[in-house]
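Before any comments, here is the structure.
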Ligand SMILES: [Zn+2]
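In this note's numbering, the protein residues as written are 687 to 915.
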């Protein structure tokens with residue numbers, strides 16, 4: 687068994703979090719760390735929540751080149767339902783498909799770094815709100831403590847691809863088949879001020895929310911924060 691000492695590699699402060707956490711933020715010096723097989727590795731951080739934020743939560747911001755290698759859409763989808771029922775007949779429908787793939791573009795994805803049911807869907811809506819995020823903290827402002835970041839850097843890259851697929855299915859055509867790969871992936875830990883309102887958790891000022899019951903470790907996250915105040 688390999689034991690990793692959870693201290694900030696920059697200033698030596700002990701790092702805190704929950705049992706499953708893979709992402710750590712040093713609330714003393716503001717450096718971010720991600721735990722992988724080789725131990726703690728540094729990760730870029732954007733701290734957009736202050737120590738007085740009600741609920742600072744960790745998110746991944748992943749920037750990547752998205753290559754849509756193949757994107758097949760079905761034409762006349764509604765009329766084929768009328769004509770052929772729900773059966774998919776490749777030979778009949780083959781002529782009613784067109785290729786819309788073969789492009790690459792850089793995209794930035796934003797999504798929770800803690801497990802949430804329906805996470806890719808939250809990522810699709812949140813990624814459109816990156817411009818609405820509060821600014822980064824200034825040099826002298828006191829830093830928050832965070833916990834719950836149990837989505838590893840590897841899983842973050844996989845989730846970014848799921849969100850890219852989700853973005854393609856959201857387009858106003860009938861997507862039949864897609865092949866997407868991501869390259870030159872850059873991952874940043876983003877700490878956002880969140881707030882709880884009855885059953886929902888609001889993400890900063892984005893207007894995006896999710897149900898707290900969709901977060902498996904919600905109680906652990908709340909216990910961590912209440913024990914620090
Ligand atoms: Zn530190």
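The beta carbon of each residue, even a glycine, is placed where N, CA and C say it ideally should be. Since the model is a prediction, treat every value here as computed from it, not as a measurement.
Is there at least one non-hydrogen atom of ligand 1 closer than 8 angstroms to the beta-carbon of residue i?
| i | result |
| --- | --- |
| residue 696 | yes |
| residue 699 | yes |
| residue 717 | yes |
| residue 714 | yes |
What residue range does the beta strand (DSSP E) around residue i cover?
| i | result |
| --- | --- |
| residue 798 | 789-798 |
| residue 722 | 718-722 |
| residue 730 | 725-733 |
| residue 749 | 741-760 |
| residue 783 | 783-785 |
| residue 709 | 709-711 |
| residue 894 | 894-897 |
With a threshold of 16 other CB atoms inside 10 Å of the CB of residue i, please say whether the residue is buried or exposed.
| i | result |
| --- | --- |
| residue 819 | buried |
| residue 905 | exposed |
| residue 849 | buried |
| residue 765 | Residue placement at residue 765 is flagged as unreliable, the pLDDT there being 49, under the threshold of 50; a coordinate-derived value is accordingly withheld. |
| residue 913 | exposed |
| residue 855 | exposed |
| residue 878 | buried |
| residue 755 | exposed |
| residue 722 | exposed |
| residue 909 | exposed |
| residue 839 | buried |
| residue 809 | buried |
| residue 870 | exposed |
| residue 701 | buried |
| residue 803 | exposed |
Just reading off the alpha helix (DSSP H) that residue i is part of, what are its end residues?
| i | result |
| --- | --- |
| residue 806 | 805-813 |
| residue 917 | The question about residue 917 has no answer here: the residues shown for the chain are numbered 687 through 915. |
Less than 9 angstroms between the beta carbons of residue i and residue j, yes or no?
| i | j | result |
| --- | --- | --- |
| residue 873 | residue 831 | no |
| residue 741 | residue 887 | yes |
| residue 852 | residue 800 | no |
| residue 713 | residue 829 | yes |
| residue 757 | residue 861 | yes |
| residue 798 | residue 743 | yes |
| residue 815 | residue 699 | no |
| residue 708 | residue 836 | yes |
| residue 753 | residue 864 | no |
| residue 889 | residue 812 | yes |
Got a sec: is the Cβ-Cβ distance from residue i to anything in chain B below 9 angstroms?
| i | result |
| --- | --- |
| residue 704 | Absent from the structure: chain B. Only one protein chain is present. |
Minimum length 3: unbroken beta strand (DSSP E) runs contained in the segment 829-892: 861-883, 886-889
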